[in-house]
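A short write-up of the structure that comes next.
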Amino acid sequence: MAKESAPKVLTIDPAAAEMIKFAEEQGYSTAFSRVQKLAACPIGESGACCSICDMGPCRLVPTKANPDPVGICGATRATVAARNMARHIAAGAAAHSDHGRDMAFTLLGIATGEAQGYEVRDPAKLRAIAPYFGIKVEGKDLLKLAGEVAAAALAEFGNQKGELKYLSRAPKKRQEIWRRLRLVPRGIDREVVDILHRTHTGDDQDAEHILLGSLRCALSDGWGGSMIATDISDVMFGTPSPLVTQANLGVLKDDEVNVVVHGHEPTLSQMIVRVAMEPELIEYAKSKGAKGINLAGICCTANEVLMRQGIPSAGNDLSQEMAILTGAVEAMIVDVQCIMQSLASLSAKFHTKLITTSPKVKISGATHIEFDEHHALDIARQIVRLAVDNYPNRQATRIPQYTADLVPGFSHEYIRYMLGGTYRGSFRPLNDAVMAGRLRGVAGVVGCNNPRVTHDQGHNYIVKEFLKNDVLVVQTGCGAIANAKYGLLMGEAALEYAGPGLREVCEAIGIPPVLHMGSCVDNTRILTVLTEMATEGGLGDDISDIPGVGIAPEWMSEKALSIGAYFAASGAYVLFGVNSPVENSEEVTRIMSEGWEKIVGGKMEFVPDPEEIVRRSLAHIDAKRAALKLPAYDPSKWGKSGDSRMAELLKLHAEQRQRALYGAPVPAE
Amino acid sequence: MSRYIAASAIRGANSIARETELFLQKALQEKGADAQVVFPNTAYFLPTILGLTGRKVETLGDLMPVMEHVKSLLHPAPAQSRWTPYLGETLDSGIATLLAMEAHQALRYLYGDQPEKLEGFQLAQQSLLEKGEGVGHLNGPIDDIQLRSWGIQLVDGRMPGFAAIVGCAKSNEVAVKIIRELQRRNILIFLAGNVNGRSIIHQLQEEGVDMGYDTYIVPFGTDTLSAIYAIGFATRSALTFGGMKGGQAREILLYNKYRVFAFVLALGEVDDLKYAAAAGAISYGFPAIADTVIPEILPTGVTTYEHVISMPFDEIPGKDDLERAEKLVQKCIEVRGVKVKMTEVPVPVPYGSAFEGEVVRKADLRVEFGGKRARCFEYLYNLPMEKVEDGKVQVLGPDLDSAAEGGAMDMGIVVEVAGRKMQEDFEPVLERQIHHFINGASGVQHIGQRDITWIRINKAAAEKGFRLADLGKILHARFHADFGAIVDKIQVTIYTNTADVNSMLQIAREVYNKRNVRLQGMVDEQVDEFYSCTLCQSFAPNHVCIVSPERVGLCGAYSWLDCKASFQINPTGPNQPIPKGQMLDSVKGYFTGANEFLYQASHQQFNTVSMYSIMENPMTACGCFECIVMVIPEANGVMVLSREDTSMSPAGMTFSTLAGMTGGGQQTPGVMGIGKYYLTSKKFLSADGGFKRVVWMSSILKQTMPEELKRAAEYAGDPELLDKIADETICTEVSDLVKFLEEKGHPALTMDPLM
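Heads up: the sequence lines are chains A and B, in that order. Sequential numbering of the first sequence, starting at 544, is according to the numbering used here. Sequential numbering of the second sequence, starting at 245, is according to the numbering used here.
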């Protein structure tokens, strides 16, 4: 099924809608306008195009005359679709893992005293992860330990044989499955190279085998590079815990210097957060007529500083151009991944400075100030100063006045804490809730935005359906911000949207029904939570036993495919929206679904219809419940606890209240 | 939590922490940092502080870091809107509250304000009454001696739990009813707190209810702070009986969650401090039940069942307040999952699980059945429904009053049961329950099972009119109560004529054998799961039997199949499946699953068990073993001493002396208690050389299981082996044994050294 060029409704976000309208009026080009003019390539989108050698490119589109076409070299539709998928996964894994490598290098810089301004903010986490690398903690100076952990993490990238160290964190049964199927990644870089090699022309030409290889590559991301990225970011910048902040374009300020950080890595943005609070710079901003310096984020760099420092998010990926359109952004600082090239030409129409900072990323027309962790603070100051200098150039602004509060910060460490406090923290109450049926199951709704489908709608619809059905939702990345904008990431949302069992659980803990677990690299936190649930007892002994699903309703990036594949290889059922990039091969579609389910217990399916996604998800959750011999989902049993009766009584007059609360007075002596 | 409770509890925690901090500062100024801070009669310092922080508080100065820790656990109350999560924060505040409360009470002791004074009050405690003490004041914390005498009953289930009652009941009548309902169920009662100055302690005092150790009602004090003594008691239970050390906070809290069935009953208004203390109790796994309107917290997890229950007293359905009080207590029991057995057993002596550990001494003996002087057996089997007349109890032969005082009689107890869901596999499981059921009668002691049953009845019981038919009545009542799910009808026939006993015993023995052979042919490698048996943890709290197809339980009554059946009958009972897990050592029989189970079930006493070796991490024993196997170093082999053998052994000790060092849930390399059929297993000491290691065995074993032993000898590769094994008729001295072995050419002498 070829996807529509553009959805009928472009976005459900009123702030984005306001900016789209403005752009249309002014004739500015945005992703939302381009998507209406540029249809997706029908050959490429279904995985029918093979362009890996110059005998082609070959388009393997079946026709009546030739229902099963092959390429010049004889490659079948299955081989081509599988090869394309594997290469996407490898690219996604490379991007996420490389992010992890940069974090490890910064940690190493801390240890050697060369990383200006950085420090070990969470020594407990450093001590917690060291043993996974086989590093002894006792009696070691923090910096020495940091150095050893960084070196060990870096060694994982170049490792040639053996097993990635973090795999030992997975449930025992899962590790055995990986070993049996030879899915155990040896080194992070090696697995990416392995895929690029085997998908070169004339190599691996067995779809099932290619896809198995891609699972190993994806695992080197999820249980390798990404997990290292998450852990070391926490070590350097602090493990998140809940706080209150805001999301959407309304967080930009009319009377302050707006600095927007966009991309994925926290290294530079953390320094910008720090220097933006320096009195000298604030004074400098005032000298230019601004009231102060306002930081906001876009995409996952936003999530990194949102969950740790409460820096508000101006929006998710499709809001990147929208932020520029407000005319209120002095500087947009970008690092890596998901940065649209169009930002350069669009910002040129305003006073906004687009500043690229990664040695890996330059965009024609943007200002490049290369980031180097040895001089991080200096560079951050230089960038903020540049933004302040740009403030007087600001013309008319049009900030859409939409924001919503959210409570992010649900690291797996905090989840453990919130379920029992310092002394009794565990996943027992969560497992209990699933076992009893208060929670029908759990779902991770993650991933990108994609203008081919209505912006935010897939995320919003699916999550609300889950909440109604007592499914606890965890989110990361752009998906999390999608729902934050509509208030779903607040404790209050449980009272409004959650089914009776989920509401009871949320009220008991004080959590939103949708937990923001971080940026897209932090999907590894979900792996850890699933592992904890599997080992806590009562929900089987492997991730594949848990009544849960993973969804990427509006995916677009290759990283999403890598994430989906590592979840499937870890035993999860993963559903992707939008369209199927392997649609051209029934065989590959089948291998990734039933085929994988048979061997690894997890599977990946592409289902464009959000309603169908919900149906399949709930059916899967119910089937997993039944397999665990848990009681069937029955919401009528729950919902009796909570504060509502108390709230009613507190409205009464004092005497009436006394009587209602405590019954007849205690007789005097 | 609910946000309302979280806000109250966190407010309460902050204010008690602040109050205690100020009190401490005052005390430091007035008394100095070196002033001694103690609770009376305890070796555990301030027990909650010791348990949760590992700090041994002896002086005022020692309290300073405790208060710093308290402050680090405090949090701001959740906001009215846009709140962040509060459960973990509230539980931390609850712990802070408990620590502050204990510090506060310790300071009061320093100022002589504890135990709390109460005019006209007398503690019901014989030892104090005799000395004219315990007058004019309440109890204060429970002393260590009392803790030991109660604690073990609490953790092993004889005393099903404790109720910490805080506040004041609706009326004196309701107060008394609540107490009586709890007492009726053997539940220990702790009293504290008040509502507007009036406490349940006042109510009970006015009604003339005796309060003190002797009545199982302990009045701590009339304010909420004194409720900390209940938590101190719970903490010390874990330290004393759970083998935990101060500072093992998580373990101590979990021990209480899983082993100490306690709950908080809040009568009347719940204020901030009560919420805060209840939040602390929740970390111990103790839920709170209020008789007023408070927000409920029904999801489970920190506690086993619901966390907080509201049961507004006037809304409880019931014809009067008394019935409402009864229902309130029932709800408490249900919420904590307190296991109370309320079986009415129609016998003339007191009956209850509290009497199970009772011993009948020789001086008190009226009559005994079995043992050395007589024969006694018990046998249970299944019949079609129409063949059993429920409740029929017959005594065929003379009753116990015909025996001379201190005499002995033969007896056979034959129990016939019927039930739609009854299976043959369940017979031995039910039969083994007879031990446990008969022991519940006061003045009656039951040891062993099958044909080694030994029952003693004391003079007091006989004087009260206890007769043999009462054994049948007990069995009838208890089988209905405990196994009603599978047994519909029970009839009991008790034989006392020696001829009848002997002929019935023949039939029973054939069945015992059949039950034994049913297992033959099954091997450990075939199954994925072993089974535990922790039935005897009431005597030996750390003992764990691990039963495999090739290793019968040491009492001889529980085979792997029996355990499997027992698990089906009672999925939460003492026989739990143990996934074998990974095999670490096929020779010695080390399995990850068995080790993990042992660690947990032995309360962290042991973490490794060898299934097939006596030399390394042998299985522990309770006291019910049929035989003792013990290494004789001089002979490079082992002796097997039967329970029925009263003679001297080559170890220089008789069975009864040796039993003392074999049992009690210890791992003693070189000594092991076993079921006699384990001797015939291919896995018998297979890591140490197997059956060929046996150099001496009680002759009764050779007589009673000749065929089985012959097969074992053949399997060992020496068909003549039995003739080379000595017994008590051949020698009981080591030197004679070695001589005998050399003469016979016993293979053990040339085997690898055992030690």
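Cβ atoms here follow ideal geometry from the backbone N, Cα and C, with glycine treated the same way. Owing to the predicted nature of the structure, the values given are computational and were not obtained by experimental measurement.
- Within the segment 526-546 of chain B, S527, D535, T536, V537, I538, P539, E540, I541, L542, P543, T544, G545, V546 place their CB atoms closer than 8 Å to a CB of chain A, listed in sequence order.
- With respect to chain A, the C-beta atom of L335 of chain B has a partner C-beta closer than 9 Å.
- Nearest in C-alpha terms to L1070 of chain A, of all of A:G1030, A:S1113, A:E1097, is A:S1113.
- K896 of chain A is bridged by DSSP to A:A874.
- Using a C-beta cut-off of 8 Å, the segment 402-411 of chain B makes contact with the segment 428-446 of chain B, since at least three inter-stretch Cβ pairs fall below that distance.
- For the 9 Å CB-CB criterion, Y595 of chain B and G524 of chain B do not form a contact.
- Taking 9 Å as the CB threshold, P322 of chain B lines the interface with chain A.
- The C-alpha of L842 of chain B is placed about 12 Å away from the C-alpha of P785 of chain B.
- By the Cβ neighbour-count rule, V552 of chain A is exposed, with fewer than 16 other Cβ atoms within 10 Å of its own.
- Residue range 1146-1149 is occupied by the beta strand (DSSP E) that includes F1149 of chain A.
- If you ignore the 5 residues before and after E878 of chain B, its C-beta comes within less than 7 Å of the C-beta of V978, V982, all in its own chain and listed in chain order.
- Residues of the segment 266-297 of chain B with a Cβ closer than 9 Å to any Cβ of chain A, in chain order: L296.
- Counting only residues of its own chain and dropping the five nearest sequence neighbours on each side, G984 of chain A has a CB closer than 6 Å to the CB of V1014, P1090, G1091, I1164.
- Sixteen is the threshold: since fewer than 16 other Cβ atoms of the shown chains lie within 10 Å of the Cβ of A743 of chain B, the residue is exposed.
- A distance of 9 Å or more separates the beta carbons of I472 of chain B and Q390 of chain B.
- Ranking B:T286, B:A957, B:I734, B:F505 by CA distance to the CA of V637 of chain B puts B:I734 first.
- Residue pairing by DSSP places L609 of chain B opposite B:N702 in a beta bridge.
- For V873 of chain B, DSSP records a beta bridge to B:V884, B:M916.
- For L317 of chain B, the nearest beta carbon of chain A is closer than 9 Å to its own beta carbon.
- Not a single C-beta of chain A is nearer than 9 Å to the C-beta of Y625 of chain B.
- Below the 9 Å Cβ cutoff, chain B contributes no neighbours of P1043 of chain A, its closest Cβ being approximately 11 Å away.
- Within 7 Å of the CB of I1054 of chain A, the CB atoms of chain B belong to P329, in sequence order along the chain.
- Closest in C-alpha terms to T895 of chain A, from the list A:Q884, A:A871, A:I906, comes A:A871.
- For E675 of chain B, the uninterrupted alpha helix (DSSP H) run begins and ends at 671-683, by DSSP.
- Of the residues assessed, E913 of chain A falls on the exposed side of the cut-off, its CB having fewer than 16 other CB atoms within 10 angstroms.
- Contact annotation: in the segment 332-356 of chain B, residues whose CB is within less than 7 Å of a CB in chain A are G332, L335, D336, I339.
- K1146 of chain A has a beta carbon lying at 9 Å or more from every beta carbon in chain B.
- Taking C-alpha positions only, L688 of chain A is separated from V735 of chain A by approximately 29 Å.
- With 16 or more other Cβ atoms inside 10 Å of its own Cβ, G1020 of chain A counts as buried.
- For P821 of chain B, the secondary structure class from DSSP, reduced to helix, strand or coil, is strand.
- For S246 of chain B, same chain residues with a beta-carbon under 7 Å away, outside a window of 5 residues either side, are P539, I541 in chain order.
- Residue state for C842 of chain A is assigned as helix, using DSSP reduced to three classes.
- Between Y966 of chain A and chain B, the shortest Cβ-Cβ separation is below 9 Å.
- Secondary structure of C592 of chain A (DSSP, three-state): strand.
- Comparing alpha-carbon positions, the option among A:L1193, A:M646, A:Q944 lying closest to T869 of chain A turns out to be A:Q944.
- Scanning the segment 379-453 of chain B for uninterrupted alpha helix (DSSP H) segments of 4 residues or longer gives 388-400, 416-428, 444-450, listed from N- to C-terminal end.
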